[in-house]
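Colleague: To start, I am sharing the structure in question, which I have written as structure tokens.
Number of protein chains: 2
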Amino acid sequence: MARKTKQRQAILNVIQNTAKPLSAREIYEMVKAQHPSVALTTIYRNLDLLTQQQVICKLRVRDNEYSYVMNTEEHWHYIVCLSCHQTVGVVKCPFDNFAAKVAADTGYEIVAHDIQLYGYCRNCR
Amino acid sequence: MARKTKQRQAILNVIQNTAKPLSAREIYEMVKAQHPSVALTTIYRNLDLLTQQQVICKLRVRDNEYSYVMNTEEHWHYIVCLSCHQTVGVVKCPFDNFAAKVAADTGYEIVAHDIQLYGYCRNCR
DNA sequence: ATAATAAATGCAAGTGACTTGCATTTTCAG
DNA sequence: CTGAAAATGCAAGTCACTTGCATTTATTAT
Chain X
2 MARKTKQRQA ILNVIQNTAK PLSAREIYEM VKAQHPSVAL TTIYRNLDLL
52 TQQQVICKLR VRDNEYSYVM NTEEHWHYIV CLSCHQTVGV VKCPFDNFAA
102 KVAADTGYEI VAHDIQLYGY CRNCR
Chain D
2 MARKTKQRQA ILNVIQNTAK PLSAREIYEM VKAQHPSVAL TTIYRNLDLL
52 TQQQVICKLR VRDNEYSYVM NTEEHWHYIV CLSCHQTVGV VKCPFDNFAA
102 KVAADTGYEI VAHDIQLYGY CRNCR
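Protein chains in written order, with the numbering used here: chain X, 2 to 126; chain D, 2 to 126.
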């Protein structure tokens, strides 16, 4: 179903070769450098697809502002600096147990959670 | 500084008298019923103010979709049904310890976290 | 290879939530 | 009561993202 297109490949390359999480716009600009005719629409459509396929992660930097990173196998969450927005991954999610407990308490079937930590990095403190 | 206006009072009343979290638009419609000339701008400005004052909480229902509830003293997080969007509060945050550990590991000073659980409620399962 | 076909793209226009600028109204401290 | 700061309403603007649609492109079956 999903086909291998130059655009999709270019988007993945950009994400893969950049250490920090990138916004859709940043990815657009970077892909456009190699691929001048690419449309922003294509970026959005591919980011959605790749997120759904869990190839990349969509990360909330703050309200209505998202970035994308490669999905590492480990269950990462991220900590974002409120000042410079530098972002660092954090391994180990202590939350799955809690989720199970909440599920028992509420009767909900919990299928996802989203944890975001905010603070100041060493430089910005 | 902050003055007591009819509009602000009406907004608070609406939030206080409704069990479930409300979106800005819903609040707007409900306030308008009592106060036909109110502007949507006013709703947004007041919701921001009240959130900042921690009188109410801004709750992420999903990407780019927020609701507001009264701020109870306890540290609540919420669980949102992916199907009907019914939302239930969850007491006790097991996360503060983890945050302290992450702070030690990364050198960040963690000032906030945002946890959101998603799943299906009993009815929607 | 080649043609058929389903997916993906690019473009233009649209949406929706929220913001901003500004003139007017309202609250409240003195 | 009065004046200054705050808040409001209106209109226009912004910004991220979406949608419709005609065209192009990657894969599949022949």
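Positions of the beta carbon are idealized from the N, C-alpha and C atoms, including for glycine.
Cα separation between Leu-48/D and Tyr-45/X?
Modeller: Counting from 1 along the second sequence, the entry for residue 48/D is found at position 47. Counting from 1 along the first sequence, the entry for residue 45/X is found at position 44. The straight-line gap from Cα to Cα measures roughly 30 Å.
Colleague: Give the C-beta separation of His-114/D and Leu-118/X to the nearest angstrom, bearing in mind that I take them to be a contact with Cβ-Cβ under 8 Å.
Modeller: Counting from 1 along the second sequence, the entry for residue 114/D is found at position 113. Counting from 1 along the first sequence, the entry for residue 118/X is found at position 117. The pair is a contact, with the Cβ atoms about 5 Å apart (cut-off 8 Å).
Colleague: Might you give, ordered along the chain, the residues of its own chain that have their beta carbon closer than 7 Å to the beta carbon of Ala-104/X, omitting 5 neighbours on each side?
Modeller: Taking the first residue of the first sequence as 1, we reach residue 104/X at position 103. Once the five neighbours on either side are set aside, the close Cβ partners of Ala-104/X are Glu-110 and Ile-111.
Colleague: Report buried or exposed for Cys-85/D, applying the criterion of at least 16 other Cβ atoms within 10 angstroms of its Cβ.
Modeller: As a first step, residue 85/D is located in the second sequence; it is residue number 84 there, counting from the start. With fewer than 16 other Cβ atoms within 10 Å, it is exposed.
Colleague: Taking 6 Å as the limit between beta carbons, can you name the residues of its chain near Ser-24/D, skipping five residues before and five after?
Modeller: The residue given as residue 24/D occupies position 23 in the second sequence. Around Ser-24/D: Ser-68.
Colleague: Considering only residues of the same chain and omitting the five flanking positions on each side of Thr-52/X, which have a CB-CB separation below 6 Å?
Modeller: Within the first sequence, residue 52/X is the residue found at index 51, counting from 1. So the list reads Lys-59, once near-sequence residues are dropped.
Colleague: Name the chain X residues that come within less than 8 Å of His-114/D, Cβ to Cβ?
Modeller: As a first step, residue 114/D must be located in the second sequence, where it is residue number 113. Correct list: Ile-116, Gln-117, Leu-118 and Tyr-119.
Colleague: Measure the C-alpha to C-alpha separation of Pro-95/X and Gly-90/D and round it to an integer number of angstroms.
Modeller: As a first step, residue 95/X must be located in the first sequence, where it is residue number 94. As a first step, residue 90/D must be located in the second sequence, where it is residue number 89. For Pro-95/X and Gly-90/D, the distance between alpha carbons rounds to 20 Å.
Colleague: Which residues, in chain order, does the region 81–95 of chain D contribute to contact with chain X at a C-beta distance below 8 Å?
Modeller: Of all residues in the region 81–95 of chain D, Cys-82, Leu-83, Val-89, Val-91 and Pro-95 have a Cβ within less than 8 Å of some Cβ in chain X.
Colleague: Name the chain D residues whose beta carbon is nearer than 7 Å to that of Ala-100/X?
Modeller: Within the first sequence, the letter at position 99 stands for residue 100/X. Within 7 Å Cβ-Cβ: Leu-118.
Colleague: State buried or exposed for Val-81/X, treating a residue as buried only when at least 16 other CB atoms are found within 10 Å of its CB.
Modeller: Locating residue 81/X in the first sequence gives position 80, counting from the first residue. Buried, by the Cβ-count rule.
Colleague: In angstroms with no decimal places, state the Cα-to-Cα distance between Glu-66/X and Tyr-29/X.
Modeller: The count along the first sequence starts at 1 and reaches residue 66/X at position 65. The count along the first sequence starts at 1 and reaches residue 29/X at position 28. The straight-line gap from Cα to Cα measures roughly 15 Å.
Colleague: In the DSSP assignment, the beta strand (DSSP E) including Pro-63/X goes from what residue to what residue?
Modeller: What you label residue 63/X is simply residue 62 of the first sequence in a count that begins at 1. It should be pointed out that residue 63/X corresponds to Arg in this sequence rather than to Pro. 57–63 is the span of the beta strand (DSSP E), which, as asked, contains Arg-63/X.
Colleague: CA-CA distance, Asn-33/D and Arg-61/D?
Modeller: If you number the second sequence from 1, residue 33/D lands on position 32. If you number the second sequence from 1, residue 61/D lands on position 60. Looking at the sequence provided, one finds Lys at residue 33/D rather than Asn. Taking the straight line from one Cα to the other gives about 24 Å.
Colleague: Does any residue of chain D bring its CB to less than 8 Å from the CB of Cys-122/X?
Modeller: In the first sequence, the residue the question calls residue 122/X occupies position 121. Yes, its Cβ sits closer than 8 Å to a Cβ of chain D.
Colleague: Is there at least one Cβ from chain D nearer than 8 Å to Thr-43/X's Cβ?
Modeller: Your numbering for residue 43/X matches position 42 in the first sequence. So, not an interface residue.
Colleague: Work out the CA separation of Asp-106/D and Val-70/X for me, nearest whole Å.
Modeller: Walking along the first sequence from the start, residue 70/X turns up at place 69. Walking along the second sequence from the start, residue 106/D turns up at place 105. Looking at the two C-alpha atoms, the distance is approximately 21 Å.
Colleague: If I follow the unbroken alpha helix (DSSP H) through Met-2/X, where does it start and stop?
Modeller: In the first sequence, the residue the question calls residue 2/X occupies position 1. Premise fails: Met-2/X is in no alpha helix (DSSP H) and is neither H nor E.
Colleague: Once DSSP output is grouped into helix, strand and coil, what is the label at Leu-23/D?
Modeller: Residue mapping note: residue 23/D aligns to position 22 of the second sequence, counting from 1. Leu-23/D: strand per DSSP, three-state reduction.
Colleague: Give me the chain X residues within the contact set of Asn-65/D, using Cβ-Cβ distance strictly less than 8 Å, ordered along the chain.
Modeller: Locating residue 65/D in the second sequence gives position 64, where the first residue counts as 1. Simply Asn-65.
Colleague: With Tyr-45/D as the anchor, note down where its alpha helix (DSSP H) starts and where it stops.
Modeller: Here the question's residue 45/D lines up with position 44 in the second sequence. First-last of the alpha helix (DSSP H) with Tyr-45/D: 41–53.
Colleague: To the nearest angstrom, how far is the alpha carbon of Ile-12/X from that of Ala-101/D?
Modeller: Here residue 12/X refers to the residue found at position 11 of the first sequence. Here residue 101/D refers to the residue found at position 100 of the second sequence. Between Ile-12/X and Ala-101/D, the C-alpha separation is close to 36 Å.
Colleague: Which residue wins for smallest C-alpha separation from Glu-75/D, given the options Val-92/D, Arg-63/D, Gln-8/D and Gln-17/D?
Modeller: Here residue 75/D corresponds to residue number 74 of the second sequence, with the count starting at 1. Checked all of Val-92/D, Arg-63/D, Gln-8/D and Gln-17/D; the closest Cα to Glu-75/D is Val-92/D.
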